[in-house]
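When the letters of the sequence shown are read in order and numbered with our numbering, they come out as residues 37 to 113.
Below: one structure, written as structure tokens.
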Amino acid sequence: MIAIAVAVIPILFPQPNPTLQNNSEPTKIQTINCPYQGGTDLETFIQIIKAEEKAVLEKDISVIESVRKLLGLSRPP
Numbered sequence: 037m038i039a040i041a042v043a044v045i046p047i048l049f050p051q052p053n054p055t056l057q058n059n060s061e062p063t064k065i066q067t068i069n070c071p072y073q074g075g076t077d078l079e080t081f082i083q084i085i086k087a088e089e090k091a092v093l094e095k096d097i098s099v100i101e102s103v104r105k106l107l108g109l110s111r112p113p
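Laid out in structure tokens, this is it:
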């Protein structure tokens, strides 16, 4: 009988889950420390890297140069 009560009480009276409650802290955007621009958000950095990767595969020199310039990696003439 006690086992039934132990099994049924949590179902009838569930405890609130603290992980599901609203957090008072706002969500922070993850940033990376980019020495060339002083930091950029991670999503933008990933898009830049993907654009460079695609340009390298397609051998699109103008895009590669633009991305490198954006990241501060352009080579001196």
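Each residue gets a CB set at the ideal place from its N, CA and C atoms; glycine is no exception.
Model, not experiment: these values are computed from the prediction.
Here ILE100 is near ALA91, since their CB atoms are less than 9 Å apart.
For LYS95, the three-state secondary structure derived from DSSP is coil.
Straight across, the Cα-Cα distance linking ILE84 with VAL103 is about 7 Å.
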